Structures are given as structure tokens and as C-alpha cells.
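Below: one structure, written as C-alpha cells.
Chains as they are written, first to last, in this note's numbering: chain A, 229 to 625; chain B, 229 to 625; chain C, 229 to 625.
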């Protein structure tokens, strides 16, 4: 397992002293060295597992998951990451709990955490709420730990909020790094993060926001394109601008899918809802105005329908670098003629990229595991070396 | 643990090279040697556990379960089998997932399987659908493995489909083998697989089909009996005929419960729905014809009510071999005067067989564990020997 | 880990030979020595975990949970306790099972228990039902074990019934013991277990009953107070009287919150439903009389509203011993102005006790683990010594 030495040397070169005991809310709160450490540990854990070496650093302990929206891949990624490290998942199903009985966030957070090493939360439906909720939970358990109620302080991992979808964007980015053979090859590469038509509405903004918030840090040209009216959060636009300036990259915005795709090395066409509409919806829900919500839905679907040309077609793909940009999607995609009549992407394009798409998704469990590992483990290099030298088989037989 | 040597010698005598990496869809796709290997490994794992020896061959890893119908015993049997081998169960609850968002089977199968070593599926409601769905999942994850998206190829275990209920029939058969002291004592024994009245309708055909598809392989006389109109799938009838011919046994069909019970060594009276009605129901569901479904339900209940005499009574039991045939049921049974007014079996008969019935059910976790074990482990004899010599206690204290 | 020696010596001084293989239904069925053994083992397991020593006594095995009422903290406490000892939780979700299909308790209990080491049940809704149900389950699995269907006999742990809430009362009591520095300091201390106003109705009686049934055993003065008409079960009153007499303590009853609080060292103000009303409700449910239930709800809410003065205010707290009684609650509490307009406790009182309240709750996982441990482990002192000397890290890294 000489390869472990390579990962360890990579970590040696990074300043990651701030990660121990930290939570993961937004990628842009992490330094570039820290971001690179997550990739390094994710790859190291993956290599060990591929080599049938157990990476269980916990003998017992719980990973608490709280999904306030349906989820398949993030749910299973979180479950896989916990299992890989030795934690058992306990789902906090709000329907089965007493949370409705007027219990505070602070109380629930403490009550489920007596033996919790990590808490993963998806809360992406309402603008201004999800990320704030996660911080409230993280603050509560930190206090609980300091007060001596909790024997360990659970790490908070953002499994998608109203602002960012860090486990997704980080997995996407690791896919890009591997595809292009290292971050040293990314300088000047162009990625098109574009809106695309979908017959559904209200898809979260956290994917495009997560992408422009992270991928502007690698010296790439990041082109955000969407129809007028589909703006994302202004704060994240500012983050992307700052990142691009700092990394020697470029961040552009336009209302043209064609412009974004032109000579792109990577394309990420995906539907999302207008930020302002989501803000309005949040307020309507807050006011319990169900008629208003229905009217808004109708309005948004009609607005979407004006932009059916925003589809990732074969013709558009031909305009990318040598006609073979890397196509990304967080899945599930709305595939024209397959999952809907008219959608985000042509069936033939999607089909050609199926294998890379699944590979893209395969990074998520390891990214989440790396987030837990680097928050929990005080001396990551030492622990990786010990896991390798311990050499306990993952599968015995 | 000298007994482990006996199991290993039994396996040495069998040709089981085809099991490594294989899925389990239908018992009749397995050779007789392979079937015997499942019993041998199931018994070996059970002996080790009874001897407080850990049989965990996985240090981490997931067992994915997907139940498209309610389940108690199969759900807990799958969970027990996974736990016994060291896998953590993750339930793919379709209600909590994004599957409804138009995602393909291929995609979901890959997305949940990045760290899955086994996938267990129950999908028994619609004729022509369940087994086909399982094969689609198995094909998808095999491709995902070959494409390098999945680091391991999960084994597919059929936890009940429209055609077969292999974990049930295999557990039932192991109960029979143990009861009669070995397969060498089964030649010429008579088993009556008969329909029985139930006030509910639409019970799956997979139990009688599984029984006649498996038990005809042991040289027994298998008598299938049901009222006219309650035919099972013609393909499975053909399987039963071929099996009986090949094993030197007999397969008979009749419309008389009395004839089937006469001199039977084993009786398995159980309600099921007519194959043609289930096919019709599948089409009605496909067409979304809810009125048609309601009408069909009414018709089927009325049809059932014509056959209330199909009950396993004390008088019928007296006509079996020496009046003491082994009574089998997959549970739960419709017990006359207990769980319903008129049902499949008299309360006194059921009560007399309660202990053997629970023993029958107790084999299922081990059968499922054996299915996983023989698909995953390359050299089963060597691994069994190692588990025994490792001698790690299952319970320490 | 010299401290383990202290716990072992404490156990040496107790007669606990009756605990091996026993279930936990009601605290008053346990001897005082046995009760002290649960605290000793709970504290020992907690010390080991705090010292990063693994307390897994199971290499595999299942803990079955059955919650017939919503639950957050008891659910997570049970899950934490199982995880701490090495058991995987499998939830018996009656909605997903076939239990509705007329299956008997005896059958279900056996069917889920083939690899179960413990069964935890919450069933607190109907008077005369919950505890009886638990005993039926325990009897069924004991028979299943004796019949050879189950390889091990699962321990039954009462996670709240109609009579007692032993894991709650035991955790509360351990909090008291630690707060006052040992049971030797409890003699003569006064605890007020009082009703308090809540805008909801029908809260279980098991908390006050559990408290008076347990805390009367320590030579304390236990004062039960509630408005007229809010009587608890007469049987438990008898238990409390007997306990107080035997322990040299006092048990008083009154209709005055003021009287109970006066000079109290500990206060436990909490809403509950009148026993007779709950009995009536049970009968109405039994008869399917939904109109009767609605009428009863209305009547009970109106009755509650007559007693809004039963609130734990700052003024009342001032009347306790030196104005600083230890405030207890099982949580979640109805906090005036926070979770409801008028409730059980003033916000400022609750807030001042938040840290101790969470500490109180933190004992529950360890209490449950101790219940499992002492039922499963034949020689508790030896096993604790071995866990300490084995010194396997809980977290490796």
C-alpha cells in the first residue's frame, strides 16, 4: 500500500489545522488547502476500500440523518459514508418524533446526540431557512458538549441547504479533477453552468450556487447562464466573483446557453427555480397562503414553458471544445422523451455520458466520509498510515 | 467445532463453482448440487452461531432492501441475515426517495449501490413485473460494476416475486429435510400443496409456485390441488413436471383437496389468487382502471366464497399418513375462528403445529445468509474453516 | 482504569443473581440491590465510553424496537444503548408489516426474534393494555426459546407503558443521585411530583407513576400533588405507600402544588391525564366510539383549563429549599410563552435548568444499556473487568 504514502505527503503539504472539530456548511468557508485535503482523504479512503482495507475508525457511534426533503442518492451516500467509518445511521424522521409537540431545535439537537458523532441535514426547501437551521443545530450541540451533556461534539455536515450543496459540488469537482488528470490541468478550462428547461418547477438553487461557489476557485472560466428572471442568490454571485479574481480565473454571467456552451470543456445544464420566486414561496408558506402558492406554481410553470429551447442538445454539444465537453448532472435529469416530453437534455447526449455521470455520483460517499474523517481525526496522516498498516480486511472470505 | 468438518466435506462433494458472483432469482435456475450447497452453508452458519462463533465476513458494507409490499418475517429475515454476516441494512423506501421523479431503474440501482454487497427485493404484486424488475436491477448493477462505477457487484436476492418465493420455499424445504432426517428419506414421500379458503383475496401465487418448483426435485410425490379457476402460472407447471421426471418423483394436479391430502406426509394448505385474475388485475392497474379493480375484487371474493370447504380440518388431517402429516405454512395463516370467521385451517390443527411452524420460519434468515455467502465467498470451505478456527465470540460476556 | 475496580466492588456488595435472563417491566418488581446494580453498570459503561473504551459485548445481533406512539428521546436512547453494546436496531414498524393481517402477538414476537437479543417496546396509550402487551411478547419469546425456535431469548425492556416509564424514572433518579452526591445523601430529601397545566390533554400517567413508584424507595419524602380529579392508578399509590414505609421515607398526597413545593429539594411539575378519563378513553377506542372520544377530548381540555394556576413559576420556585430545588422534567415541556401560551413552567425557570435537564436526559441511553447488560451477561463484574483490560478504543484516530 505504498500509495498511502502519496496521500500522506499530499496532506503534509497542506495547512489543515483548522479542520479538526469543524463543521461543513459552505465550501467557501473552507480554505483552498482544506478543500484539497477533502479530496485527498476521499481518494485515500477509496483506495483503501478498493484494496479491501477496512477504514472503520469508529467501533461504535451514531450518524444522525435528518432529511426534510425526499432523497435517494444523498441519503445512501450519507449512509455509505457512515458505514465506511463504522457509524450506524439513525434517521431522525420528524413524523415519528415528538418534534411537533413544540420542542425547540436546541432541545431536539441535544436529545438525539448523546452518542452521535455526526449529524447530516438536508433542508433545501425554503430560502433563508435551511442553512440557518443547520447552524442552529451545530451551535446547540456545541453548547451541549461544552456543558458536559454530550460526551462528544457531533460534526454537522450540510447535505444540501438553500444556499449550497457542498457534498454534491465537491463530488462533482473531484470527478472533474480526476477526469482532467489533476488540478494543474484545470487552469483556463471553461465550465458552463446553465439553466435548462424542466416541466417541473421549484428545483433547488443550491446546485448551481454550489457549483459557481466552488469551481471558481480553480482558475477556470466559469460561465453562468440562465434566462432572464432565473437569477440565483446575489450573495453567491459575489462569492463567485471574489473566488475567480483570487484564483486567476474568470466568472461570467449571461442569458445565453449558446454563449456558455461555446468551447466549454465542461457543461452542467440543469433546471432551477428563480431565487425571487423561491423567496416569495417561502413567505407564502410562512403565511399559510395555499392559494398564493398554487397561483405561484402555475405562474412558474408558465414562465418555464417560455424557455423550452434551453435544452442540452447534440447540436449544442457540438459547439463545445472539440464537441466533447464533459457533461455533468447531479441526477436525476429530466431527459427529453424518456422521463418527460421535453426536458433538460437530449436522450442521446445523456446516454453517451451515463458511465461518467454514475462515476461523478460515486464520489459523494467518499467526500462525506472525508468531511467526517477530517473533523474527527486529530492527526489524519497518522491515522491513514495506521489504517493501512493495520490492514484489516473489509471483506473476509 | 468438529462439525464444521462435516459441512466442509459435504461441500467438497458438490459442484458449486457456478455460485460465486451469482444472483438468486428462481430455485429452478440452480443445479441440485447448488441447492444442496445452500442448505449446507445455512446449517453451517446456524451451527456456528449456536456455538457463539461470529460469522461476520464483512467488516463494513450495506445490504439494500426494497419492499414493494408489506412484510414482517421476510424483512426481519433479510435484516438478520445481513447482520449475521456483518452488513448494515439500508431500506430503499420509495416513498422517501426521488424515484418518482422519473428516474430509471438502472439509475436508481447504481445510485444506491456504491457500497452495497447485496440487494434484496420483494416485488410480488403484479404478474410479469416483479421478477423482470429484479433482473433489470441485477443487470444494471453488473454493468455499473463492469463500468467501474461500483467497486463491488451487489448480489441480487429475490425476496418474493410474481413467479417464485425462493427464500420461503428453500426455508420450507430445509425444514422438511431436517424433519425427515435427510434428503435420502424423502424419496416417495407425498406432499400436498393445496389451495385453501381465505376471506381475503389476491394472495400471491409465488408460494405455491415456489413449492412445486422446488419440491419436485427430491423424488417426492407433489400433489397440487385447487378449485377450478385457481390455476397457477403454466410455465411453473412445466417446471414442476420436468423436475419430477428428472428426480424420479411424481407431480400431479387435481381439483380435490381430499385426494391431495390422502396419505400425504406433508401438507401445505394456503390461499392464493387465480393466475388469470392477477394478470387481469395487473392490466387494470396498468390502465389505471380503478372501477375495474373494484369490480374484480368483488368478483374474486365471491368466487373464493364458493370454496369455503377448502379448509384444513382435523378430519382432513386424519386422512394423511398415519393422521400426522407435517403441516406447513408460510405464515400468517387465516385461522378459522381466530384471525377470521372461516379460513385456511382449523384452530386446533394450527395450534398443534405451532412449534414446527415457527421452526420452519427460523430457517429463512440462514437461507438468505447462505445465498449471500455463496455468491460472495470464492472458497466457501476455506472461509468456513477460517471462521471456525478464528473462533471470535458472537456474544462476549 | 482503576475506576472500574470501584464499580466492580459496588456490584460485589449487591445480590443481583436474579437479574441474569430477566426482563424489565416495572421498577418495583426489582429489589433495591438490583436497582443499585443498574446505576452502577450504567455509570461504569458511561465511564468506559468517556475513556474511549469500547463496550461492545455483541459482535452481531439485533435490538428490536416497537414504538406504538411517537418518540424522539426514547427512540434515540434505545438506539444509542443498542449501538453501545454492539446490537443493530431493527424497527418493527407496524405500518410496514403484515401484523394487521390478523397475526397474533405470539407469532409476530417469534417471527422478528430469530436473531434478537433485546426487544424494546413503547405502548403507553391505553390503560390496561401496554404492560400486558409487553408481558405477552416476553412470554411468547421465552416459549419460542424453550421450544428451540429462537437460539437466544430476547430481553424485554419496557420503554414506557400505561403503568410505568422505568427507563425515564431510572434516568431521573440517577440524575438525582449524582446531583446530591450519592444515595446516602437522599434520606429526608423532599421531592414534589406535581401535576401542571398543559393546553394539550391525554399525556401519559406513566411518568408520575414511575416517579412515585421508584423514588419512594430511597427514604425521601415524596409528595404527589394534583388537582382533584387527576388521580393516578390506585395500584401505584399502594406501591408508593409500601415503598415509603419500607425505606423509612414518607409518601404524601395533596391537591396543592404550593404544599408540595414548600421546602422541596426536587420538583417535577408535569401534566398528565386523569386515570379515570384515560380508562374511559380506552373503552371508547375499544368500542370505536369516535364521537364519544371527541366529546371526551373537549371535556378534558375544559377540565384542564380550570387549573391554569398549576404552573411552575419563579414565585413557586422561591418556596422550595433555599429557593433552588432541582427542577426535573422528562421533556418536552410545555413552556409558557415559548411552546404554548400558558403551560407547565415559566420560561425563566426552564431556561435556568436547561443544562441539568439535558444532563438528566443523558442518563437514559446508559440506563437502557445497563438493563440489557445485566440481563445478558452472566458475570457482570468479570465482563466489565475484561472490557477494561481489553481496552479496545471506541474511536480509533
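Ideal Cβ positions, reconstructed from N, Cα and C, are used throughout, including at glycine. Please read these numbers as outputs of a predicted model, since none were measured by experiment.
Identity of the residues DSSP links to residue i by a beta bridge
i: residue 318 (chain B); result: B:292
i: residue 479 (chain C); result: C:450
i: residue 344 (chain B); result: B:290
i: residue 351 (chain A); result: A:389
i: residue 460 (chain B); result: Answer is none; residue 460 (chain B) lacks a bridge partner.
i: residue 624 (chain A); result: For residue 624 (chain A), which the question treats as bridged, DSSP gives no partner whatsoever.
Test item: CB-CB of residue i and residue j under 9 Å
i: residue 253 (chain C); j: residue 389 (chain C); result: yes
i: residue 493 (chain B); j: residue 397 (chain B); result: no
i: residue 379 (chain B); j: residue 277 (chain A); result: yes
i: residue 596 (chain A); j: residue 348 (chain A); result: yes
i: residue 599 (chain A); j: residue 260 (chain A); result: no
i: residue 314 (chain C); j: residue 603 (chain C); result: no
i: residue 285 (chain C); j: residue 624 (chain B); result: yes
i: residue 408 (chain B); j: residue 451 (chain B); result: no
i: residue 353 (chain A); j: residue 297 (chain A); result: yes
i: residue 453 (chain B); j: residue 488 (chain B); result: yes
i: residue 429 (chain C); j: residue 539 (chain C); result: no
i: residue 385 (chain A); j: residue 306 (chain A); result: yes
i: residue 411 (chain C); j: residue 359 (chain C); result: no
i: residue 612 (chain C); j: residue 269 (chain C); result: yes
i: residue 432 (chain C); j: residue 459 (chain C); result: no
i: residue 620 (chain C); j: residue 282 (chain C); result: yes
Residue i, buried or exposed, once every other Cβ within 10 Å from all chains shown has been counted against 16
i: residue 535 (chain B); result: buried
i: residue 232 (chain A); result: buried
i: residue 509 (chain C); result: buried
i: residue 622 (chain B); result: buried
i: residue 338 (chain B); result: buried
i: residue 328 (chain C); result: At residue 328 (chain C), the pLDDT of 49 sits below 50, so the modelled position is not reliable and the matter cannot be decided from this model.
i: residue 610 (chain A); result: exposed
i: residue 530 (chain B); result: exposed
i: residue 333 (chain A); result: exposed
i: residue 579 (chain B); result: exposed
i: residue 237 (chain B); result: exposed
i: residue 526 (chain B); result: exposed
i: residue 461 (chain B); result: buried
i: residue 271 (chain B); result: buried
i: residue 303 (chain B); result: buried
i: residue 393 (chain B); result: buried
i: residue 569 (chain B); result: exposed
i: residue 376 (chain C); result: exposed
i: residue 617 (chain A); result: exposed
i: residue 230 (chain A); result: exposed
i: residue 299 (chain B); result: buried
i: residue 515 (chain A); result: exposed
Any non-hydrogen atom of the ligand GDP closer than 8 Å to residue i Cβ
i: residue 498 (chain B); result: Absence of the ligand GDP from the depicted structure is noted, as is the absence of any ligand whatsoever, leaving it without description.
Segments of 4+ residues assigned as alpha helix (DSSP H) that fall wholly inside the stretch 374-456 of chain A: Unbroken alpha helix (DSSP H) stretches of 4 residues or longer found wholly inside the stretch 374-456 of chain A: 394-408, 434-443, given in chain order.
In chain order, each alpha helix (DSSP H) run of at least 4 residues that lies wholly inside the stretch 534-606 of chain A: Note on the stretch 534-606 of chain A: whole alpha helix (DSSP H) runs with a minimum of 4 residues are 542-546, 575-580, 582-590, 592-604, in chain order.
In chain order, each alpha helix (DSSP H) run of at least 4 residues that lies wholly inside the stretch 471-526 of chain C: Fully enclosed alpha helix (DSSP H) runs of 4 or longer: 485-489, 503-514.
Contact between the stretch 556-568 of chain C and the stretch 491-505 of chain C (3+ Cβ pairs under 8 Å): Taking a cut-off of 8 Å for Cβ pairs, the stretch 556-568 of chain C and the stretch 491-505 of chain C touch, as three or more such pairs fall below it.
Runs of alpha helix (DSSP H) lying entirely within the stretch 252-280 of chain A, each at least 4 residues, in chain order: The DSSP assignment places 260-278 as complete runs of the alpha helix (DSSP H) inside the stretch 252-280 of chain A, in order along the chain (cut-off: 4 residues).
Any 3 or more C-beta pairs closer than 8 Å across the stretch 400-416 of chain C and the stretch 442-449 of chain C: Enough Cβ pairs lie closer than 8 Å, so yes.
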